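> Input: one structure, supplied below.
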Amino acid sequence: VQYHRFCRQSRCHCRTATCFPSFPPPPISMSSKHQKGPDLKRFMDKRLKLSLNGNRKVVGTLRGYDAFLNVVLENAISSGGEGESIGTIVIRGNSIIQFESVERIAT
């Protein structure tokens, strides 16, 4: 007979799986295993200003994203001193610090 480490009784009434083996363990929820990605649907096809690490900023139209916050920007412009056009780019989510909408977003 295995005793509970807290109550140390030969006939435990705490109903834990350690003391009471026939007691079923709580069900495991599937949501804890599968994490959802970011919800950026409302930002699709909108102009965004992204702050990146290294004090870089990029403005572009959001065309796609994934669960890791990797984003695809179209007509991207570097917001540095010159504001040079970059075109269509993929930005790794690990380097994104902040999203800012340039256009008004419907709620």
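For the sequence shown, this note's numbering assigns the number -12 to the initial residue and increments by one for each residue that follows.
All C-beta atoms in this analysis are idealised placements derived from N, C-alpha and C, irrespective of residue type, glycine included.
Computed from a predicted structure; not experimentally measured.
1) For a quick check, are the C-beta atoms of L56 and G41 less than 8 Å apart?
2) Take G24 as the anchor and find which of S38, V77, R91 and V58 has the nearest alpha-carbon.
3) Would the beta-carbon of S66 fall within 8 Å of that of V46?
4) Pick from R29, K28, I64 and L39: whose alpha carbon is nearest that of S82?
5) Go through its chain and collect everything with a Cβ distance to G70's Cβ below 6 Å, but skip five positions before and after it.
6) Check for me: the beta strand (DSSP E) holding R65 runs from which residue to which?
7) For M31, which of L37, T48 and K44 has the nearest alpha-carbon?
Let me lay it out:
1) no
2) V58
3) Yes, the pair counts as a contact, with Cβ atoms nearer than the cut-off.
4) L39
5) Setting aside the 5 residues that flank it on each side, G70 is surrounded in the same chain by I64, each with a C-beta closer than 6 Å to its C-beta; the list follows chain order.
6) Here the sequence assigns Ser to residue 65, which means Arg is not the residue at that position. From DSSP, the beta strand (DSSP E) with S65 extends over V58 to S65.
7) T48
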